[in-house]
Amino acid sequence: MQKVTVTQVLDFARSQIGIKATNVKRCKYNNWYYGTNVSGYAYDWCEVFIQWLFAQLKASDMLYTKTANCGAQGLAFHKNGQLVTKDYKVGDIVFFHWSNDKSSYLSSVYTMDHVGIIEKVNADGTYTTIEGNTGSSTNGEVMRRTRYLSQISCAGRPLYKAEKLISFCTYNIKMSKLWRDSRTNNKGQVLVLQCLLYAKGYKGKDNKPLLLDGDFGVNTEYALKTFEKSNGLDKSGVNGVCERAKWSALLSEYKHK
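Per the working numbering, the very first residue in the sequence shown carries number 3; after that it's consecutive.
Here is the structure:
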């Protein structure tokens, strides 16, 4: 699932800033989505822009669905345990509401009227975003915007491929210290395990991404056992203990560059 990093997506999104649609809402993003040249007031393209970004990076499955509708996209994140309603982060696919009407897709949040991607969480509590189909023009353009928490309905959190976290796990911790039983009270060791399982997309028993807290609880154990089964490491039985062979398998794809 982890096809791209946050940096890759944001760098690509930045490269699109300034691109405008022409009358009426005619743009390369809509043309890509619908497979032909389209125009008209029915072709709002804020969600299409997000879909296009991930598709060009060959990471469409990180969005769980192909849609031009913000609400349908939010629902897809919700069904996959990736919808958040607080503590928004860089890289979140953020849905905005322009009224206080409840969403017809998900009654626990406000209507998802517009969407962008968070580029920066600002010290003053605002968010810098990159959005398509925004601005004063009826046709819209790709712009960097400043948004307020009060405007946010919710956000989807794609399972991005880890960057600095994996580098830290791989190169700053010696393997000789990793192979011991992960169910010790070594929170740092458990945290590394959680980071690696999270980066590979393994979820807890609650079907949610692991909480990176250094606590070897039921969700971490469940994710580790799932990893064992899917990688053929359960020949002697699934024991939920991260021994040397399992550490090696977890770290195998990460090479020093």
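Positions of the beta carbon are idealized from the N, C-alpha and C atoms, including for glycine.
Exercise. Buried or exposed: where does Asn135 fall if 16 or more other Cβ atoms within 10 Å of its Cβ makes it buried?
Worked result: Working through the sequence shown from its first residue, we reach residue 135 at position 133. Asn135 comes out buried.
For this session: Name the one or two DSSP bridge partners that Val11 has.
Result: By one-based count along the sequence shown, residue 11 stands at place 9. Beta-bridge pairing links Val11 to no other residue.
Exercise. Which one of Gly76, Arg149, Ala74 and Ala201 has the shortest CA to CA distance from Asp126?
Worked result: To locate residue 126, count along the sequence shown from 1; it is residue 124. Here the closest residue by C-alpha is Arg149.
Problem set entry | Local conformation of Thr136 per DSSP, three classes | Mapped onto the sequence shown, residue 136 falls at position 134. Thr136 falls in the strand class under three-state DSSP.
Exercise. Looking at the unbroken beta strand (DSSP E) that takes in Thr148, where does it start and where does it end?
Worked result: Here the question's residue 148 lines up with position 146 in the sequence shown. Glu143 to Arg149 is the extent of the beta strand (DSSP E) around Thr148.
Exercise. How long is the line joining the alpha carbons of Gly260 and Asn71, rounded to whole angstroms?
Worked result: With the chain covering only 3 through 259, there is no way to say anything about residue 260.
For this session: Determine the direct distance from the alpha carbon of Asn32 to that of Leu12, and round the result to whole angstroms.
Result: Here residue 12 refers to the residue found at position 10 when the sequence shown is read from its first residue. Here residue 32 refers to the residue found at position 30 when the sequence shown is read from its first residue. Between Leu12 and Asn32, the C-alpha separation is close to 20 Å.
Exercise. Which first and last residues belong to the beta strand (DSSP E) in which Cys156 is found?
Worked result: Start at 1 with the first residue of the sequence shown, and residue 156 comes out as number 154. Note, Cys156: beta strand (DSSP E), Ile154 to Gly158.
Exercise. What is the DSSP secondary structure of Val86, reduced to helix, strand or coil?
Worked result: Taking the first residue of the sequence shown as position 1, residue 86 is located at position 84. Reduced to three states, the DSSP call for Val86 is strand.
For this session: Rounded to whole angstroms, what's the CA-CA distance from Phe264 to Ser17? Just pull it up for me.
Result: Because the chain spans 3 through 259 in this model, residue 264 falls outside it and cannot be assessed.
Problem set entry | the segment 36 to 55 / the segment 67 to 81 touching (three or more Cβ pairs under 8 Å) | Taking one beta carbon from each stretch, the segment 36 to 55 and the segment 67 to 81 have 3 or more pairs nearer than 8 Å; the two touch.
Exercise. In the structure shown, what three-state DSSP assignment does Lys176 receive?
Worked result: Against the sequence shown, residue 176 aligns to sequence position 174. Any reading at Lys176 needs caution, since the residue's pLDDT is 43, under 50, leaving its predicted position unreliable; the model's value is listed next. In this structure, Lys176 counts as coil in the three-state DSSP scheme.
Exercise. In the DSSP assignment, what are the bridge partners of Gly118?
Worked result: As a position in the sequence shown, residue 118 is number 116, starting the count at 1. The partner list for Gly118 (beta bridge, DSSP) reads Val96.
Exercise. Which value, in whole angstroms, describes the spacing of the CA atoms of Ala296 and Leu199?
Worked result: Within the shown structure, residues of the chain are numbered from 3 to 259, placing residue 296 beyond reach of any answer.
Problem set entry | Gly76 - containing alpha helix (DSSP H), residue span | In the sequence shown, counting from the first residue as 1, residue 76 sits at position 74. Cys72 to Lys81 is the span of the alpha helix (DSSP H), which, as asked, contains Gly76.
Exercise. Is the beta carbon of Val86 sitting closer than 8 Å to the one on Glu121?
Worked result: To locate residue 86, count along the sequence shown from 1; it is residue 84. To locate residue 121, count along the sequence shown from 1; it is residue 119. Contact: no.
Problem set entry | 8 Å Cβ shell around Asn82 - same chain, five flanking residues per side excluded | Here residue 82 is taken as the residue at index 80 of the sequence shown, counted from 1. Once the five neighbours on either side are set aside, the close Cβ partners of Asn82 are Tyr66.
For this session: May I have the straight-line CA-CA distance separating Leu55 from Leu161, to the nearest angstrom?
Result: Taking the first residue of the sequence shown as position 1, residue 55 is located at position 53. Taking the first residue of the sequence shown as position 1, residue 161 is located at position 159. Each residue's alpha carbon lies about 15 Å from the other.
Exercise. Skipping 5 residues on each side, what residues in its chain have a beta carbon closer than 6 Å to that of Phe51?
Worked result: Within the sequence shown, the letter at position 49 stands for residue 51. A distance below 6 Å between beta-carbons, with the five flanking residues on each side excluded, links Phe51 to the following residues of its chain, in chain order: Tyr31 and Gly134.
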